[in-house]
Amino acid sequence: MTYAMAKVFHDANGEKQVLDLDAIWRRQSVPEALQRALLLAAAEAHDAITRPPPGVRNMSEWAKQQACWNGLKGRKLDYDEDFDSCLTLVETARSTRRAARATEVMTEGINAQTEAVSLGAGFWNTVMDWGRSERKLTPKDMQILQICASMPRRIPTDFQAKHAMDLLARLKDQGFEGGRSQ
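Taken in order, the sequence shown gives residues 2 to 183; the numbers are from my numbering.
So, in structure tokens, the structure goes:
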């Protein structure tokens with residue numbers, strides 16, 4: 002089945018169109034057109050593996066060779082007409098990936114901000130005091146910790162909160178064992 006999946010993926014991904022993996026993920030199911038394409042490719046892969054060139058006796062060894070894959074990759078398969086419904090434009094796929102990454106970054110920032118605020122100003126004062134006494138803080142670290150330590154008067158932005166949480170992880174790796182304070 003690995004060869005079948007690789008073959009369909011290879012055939013679907015071209016200069017202008019690619020397999021619409023995002024649509025499959027959103028639906029949480031494989032479209033029938035893609036299922037039929039996989040079955041067609043599986044039959045072709047079976048043929049490519051079980052009918053090696055003359056002189057090859059061990060099919061399992063043949064299947065591991067690049068020449069076997071190259072042979073299958075070069076075969077032309079006639080997918081059903083609705084196979085195109087499983088494809089999307091390359092630029093659409095790229096835009097979807099960019100949008101998903103932007104959403105992920107935003108979510109990480111919100112989560113960091115929520116965590117930083119929930120730890121409270123007292124906790125961040127403790128972090129700042131320890132980091133200063135151990136000489137582990139950069140000027141940027143100090144600036145962000147001062148903002149976190151002045152809550153609720155000042156609330157760190159999502160970017161500052163992410164920096165604060167990363168800094169906390171770094172300081173814990175360097176020996177900080179401070180407890181949570183509210």
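No residue lacks a Cβ here, since even glycine has one placed at the ideal position from N, Cα and C.
Small disclaimer: the values here were computed from a predicted structure and weren't measured.
The C-beta of Lys8 has 16 or more other C-beta atoms within 10 Å across all chains shown, which makes the residue buried. Taking the C-beta atoms as reference points, Cys149 is found no nearer than 8 Å to Ala170.
Contiguous beta strand (DSSP E) elements confined to the segment 61-123 occur at 88-90, taking only those with 3 or more residues. Contact check for Leu22 and Asn14: beta-carbon distance about 10 Å, past the 8 Å limit, so the pair fails to qualify. Taken through DSSP and simplified to helix, strand or coil, Gln29 comes out as coil. Per DSSP, reduced to three states, the secondary structure at Gln175 is coil, with no helix or strand assignment. The shortest CA-to-CA distance from Lys77 to any of Leu146, Glu178 and His11 is the one to His11. Boundaries of the beta strand (DSSP E) around Leu20: Gln18 to Leu20.
In this structure, the CA atom of Ser151 is about 22 Å from the CA atom of Glu109. Residue state for Glu135 is assigned as coil, using DSSP reduced to three classes. Between the alpha carbons of Ser119 and Ala113 lies a distance of about 10 Å.
The beta carbon of Glu16 sits closer than 8 Å to the beta carbons of Val91 from its chain, once the five residues preceding and following it are set aside; these are given in chain order. Secondary structure of Asn59 (DSSP, three-state): coil. Counted as a single uninterrupted DSSP element, the alpha helix (DSSP H) harbouring Thr3 occupies residues Thr3 to Ala13.
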